[in-house]
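Remarks on the structure that follows.
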Amino acid sequence: MATYKLVATAAMGLESIVAREVKDLGYETTVENGKIFFEGDELAIARSNMWLRTADRVKIVMGEFNAYTFDQLFEGTKALPWETLMPVDAAFPVSGKSVKSKLYSVPDCQSIVKKAIVERMKAAYKRMSFLEESGPTYKIEVAIRNDKVTLTVDTSGAGLHKRGYRTGQGEAPLKETMAAALIKLTNWRPDRPFHDPFCGSGTIPIEAALIGQNIAPGFNREFISEEWPVIPESIWEKVRLDAEEAANYDQPLEIYGSDIDHKIIEVAKENAIEAGLGDLIQFKQMQGKDFTASSDYGVIVGNPPYGERIGEEEEVERMYRDMGEVFEQYPTWSKYLITSHPDFEDLYGKKATKKRKLFNGFIRTDYYQYFGQRPPRNTN
Ligand SMILES: C[S@@+](CC[C@H](N)C(=O)[O-])C[C@H]1O[C@@H](n2cnc3c(N)ncnc32)[C@H](O)[C@@H]1O
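First residue of the sequence shown? That's -11 in our numbering, and the numbers climb one at a time after it.
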């Protein structure tokens, strides 16, 4: 087993949630913009990919050094022990980015890094001819910021938001990682009712059900590092087996998803089935303003339309007003709504208990949080 410097990448604003998840897996973290660093072995790579609900990817940090010239970039890259990670037949495409640095030509940086690794690998594996690159893939990134080079290797493959259950989606689907983060920011517990009244393809209710039954978000997919010889198959088997054991399929859940669009409700149902959740979530075609609840102390999490499209604004504003009137008839329920609409609180008719700036993709949004009454102690 080796020890790797690892980084879980996160959408802007979600760093503290991702860091919490990494800590919950038992690793110490340091946090920078969009990056949560931790150390771990091959098991840590497999576990973090399997369990992180809110991170974008997990990468190995191969090395960090300053470079002001192409020579320094070449030598710094060549000095790293690439052969300890990659077999002789590894395929290793190199992507790049550069911000505020002397070395600003990204294509040049990529090809220099590529050449330096090829040279290192040929020397390490005593190859005179070219490397065939017919084996497992190692996606390398050279990122240069303020002349500091960071070389990483992606261990996830498809981004971690690709859980493998989304067979269909609506017009503005929420990333699964963001949906999980929205839920983690609430006070919801699996013994309380949960409702997404704008559920679209069902992302938020599905993520809630996965959290509610402690089902690993990566149970339904594969990771690029599963092909790597340095991570024995037995590690992945152990991680999958542990995930199976950790799942609490007996946890009863009261989770609802509703949407005005009956076609998208069918998509949501299919996605839930694909996620292995079968009939666990109750989906229904319904307008947001027809929300009702038969039990108390529930949680609403909603990602309504933001009214950004031409012609949509008036309708969305009316909907926000209706929503405020209806939801506030349920004072024991907590409500959490994400939108980019600048006048949301005025339209909803109440100042949020708390709000948090989040980026939904490139859209700057606020997450409006209205805390419901606390349950009496003995029912808590
Ligand atoms: C931003 S999308 C939600 C996407 C969803 N979170 C997902 O991941 O697929 C907003 C949803 O609100 C629904 N919608 C629009 N007006 C509505 C209304 N008055 N009542 C209920 N749903 C509405 C739309 O049909 C759409 O599916």
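Positions of the beta carbon are idealized from the N, C-alpha and C atoms, including for glycine.
Residues that residue i bridges to, as DSSP identifies them
i     : result
A(-4) : I24 and V46
H329  : DSSP, once it has assigned bridges, lists no residue as partnering H329.
D29   : DSSP, once it has assigned bridges, lists no residue as partnering D29.
L91   : DSSP, once it has assigned bridges, lists no residue as partnering L91.
G84   : V130
A79   : T125
F118  : Paired residues: none, contrary to the question.
Cβ shell of residue i (< 6 Å), same chain only, five flanking positions each side left out
i    : result
H329 : Y294 and G295
V6   : A(-4), A(-2), I24, T42 and A43
G84  : V94, C97, Q98 and V130
H311 : The residue asked about is misnamed: residue 311 is Met in this sequence, not His. Contacts found: G276.
I351 : S328
W216 : P124
heavy atom of ligand 1 below 7 Å from residue i C-beta
i    : result
L371 : Look at the range of the chain in this structure, -11 to 368, and you will see that residue 371 is not part of it.
I252 : yes
P161 : yes
I192 : yes
C187 : yes
G299 : no
G276 : yes
P205 : no
D142 : no
N202 : no
D354 : no
G152 : no
D249 : yes
Cβ shell of residue i (< 7 Å), same chain only, five flanking positions each side left out
i    : result
R35  : L13 and V227
V106 : L119
N236 : Q201 and N202
Beta-carbon gap between residue i and residue j smaller than 8 Å
i    : j    : result
G145 : D77  : no
F279 : P185 : yes
E258 : T165 : no
S89  : N134 : yes
E30  : I219 : yes
L170 : Y324 : yes
8 Å Cβ cutoff, residue i in contact with chain B
i    : result
S222 : Given the protein chain composition of this structure (a single chain), no chain B is represented.
Beta-carbon contacts of residue i that lie in its chain and below 8 Å, excluding the five residues immediately before and after
i    : result
A281 : P181, H183, Y318 and W321
Exercise for review: Examine the Cβ distances between the region 330 to 338 and the region 188 to 199 and report whether three or more of them are shorter than 8 Å.
Suggested key: no
Review point. Pairing CB atoms from the region 45 to 64 with CB atoms from the region 133 to 148, are three or more of them under 8 Å?
Key: yes
Practice item. Specify whether the region 52 to 66 and the region 243 to 251 touch according to this definition: at least 3 beta carbon pairs, one from each stretch, less than 8 Å apart. Key: no
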